[in-house]
Amino acid sequence: ECLDLVQFHWWDFALPRYVETALELDRLQRAGKIARLGVTNFDTLHLDELLAAGVPVVAHQLQYSLVDDRPRATMVACCRDHGIALLCYGTVGGGFLSEHWLGRPEPSAALANRSLTKYKLIIDDFGGWALFQELLTALAGIARKRGSDIASVATRAVLDLPQVAAAVVGATSAAHLPAHASIDALRLDAEDRAAIASVTDRRRGPKGDVYELERDRTGPHGAIMKYNSNALASDGAADVVRAQTK
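One rule links them: number in the working numbering = place in the sequence shown (from 1) + 10.
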């Protein structure tokens with residue numbers, strides 16, 4: 011058997027051996043166990059290290075949206091130079107980029123889940139709620155013109171960016187699938203792109219490289235991340251085993 015794609019993530023670059031680990035994946039690829047190697051949420055510096063070591067990275071899964079363009083700083087050029095495709099998540103901002111939030115006041119109470127909390131922080135860095143509402147209004151106008159919806163337009167705009175090969179979009183209901191399927195046929199013209207740029211060109215952030223803010227445990231983005239999912243999963247599995255043996 012051969013895995014189509016294995017994506018490699020490394021939480022803390024202060025911990026050594028990420029290059030060594032990636033080279034082991036390369037060995038497995040050459041042995042026919044893996045067809046393609048990718049990375050997830052690497053910054054440019056550490057992706058360059060893998061590439062310099064000869065790791066044949068063909069894809070990079072990262073957060074990229076109209077409210078988070080951090081990949082544009084240096085990552086897009088790096089991936090262009092090495093033929094690496096971008097697989098983008100967060101194109102709808104956890105659901106914020108939708109009609110549901112158009113014209114609504116800024117949420118003041120605790121949000122329903124960690125995903126919304128995460129993307130609300132991105133919106134704050136982008137320029138705040140007022141600028142975000144301007145973006146939603148622009149996207150809504152394009153959606154009306156195209157017979158589409160805000161989330162689809164936002165995703166199409168990212169798919170049209172250099173090096174972007176795919177968008178990773180979640181569906182909490184089967185009712186979302188027709189809209190997702192329609193994105194492939196959706197086309198934006200120069201007027202649409204100019205309407206979007208009239209808002210996004212006034213962004214304040216977020217600043218830094220890919221996933222840089224999320225790795226800073228002292229900042230607001232890092233504070234909500236779960237860095238110990240493996241340990242939590244192990245604890246959960248142990249609880250199940252203990253329950254079954256009682």
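Glycine included, every Cβ here is placed at the ideal spot set by N, Cα and C.
With at least 16 other beta carbons inside 10 angstroms of its own, residue 94 counts as buried.
Residue 125 and residue 184 have their C-alpha atoms some 20 angstroms from each other.
In chain order, 77, 103, 106, 139 and 142 place their CB closer than 8 angstroms to the CB of residue 133, counting only its own chain and leaving out the 5 sequence neighbours on each side. Secondary-structure assignment with DSSP links residue 44 through a beta bridge to 13. The C-alpha of residue 109 lies about 16 angstroms from the C-alpha of residue 166. Checking the DSSP bridge columns, you'll see residue 96 partnered with 70 and 174. By the Cβ neighbour-count rule, residue 116 is exposed, with fewer than 16 other Cβ atoms within 10 Å of its own. A buried status is given to residue 128, since no fewer than 16 other beta-carbon atoms sit within 10 Å of its beta-carbon. In this structure, residue 209 keeps its C-beta atom at 8 angstroms or more from the C-beta atom of residue 153. Between the alpha carbons of residue 80 and residue 216 lies a gap of roughly 7 angstroms. Ranked by Cα distance from residue 120, the options 58, 130, 72 and 112 are led by 130.
Exclusion of the five residues before and after residue 20 leaves 28 as the residues of its chain whose Cβ lies within less than 7 angstroms of its Cβ.
Counted as a single uninterrupted DSSP element, the stretch harbouring residue 237 is not any alpha helix (DSSP H), since DSSP gives it neither H nor E.
Sequence-distant Cβ neighbours of residue 168 in its own chain, meaning closer than 8 angstroms and more than five residues away, are 74, 75, 76, 98, 101, 174 and 177. Secondary structure note for residue 188: its alpha helix (DSSP H) is the uninterrupted segment 187-192. Secondary structure at residue 210: helix, using DSSP grouped into helix, strand and coil.
With the rule of 3 Cβ pairs closer than 8 angstroms, the region 11-25 counts as touching the region 34-52. In the structure shown, residue 162 adopts helical secondary structure according to DSSP, grouped into three states.
Between residue 69 and residue 48 a beta carbon distance of about 4 angstroms is seen, short of the 8 angstroms cut, so the two are scored as contacting.
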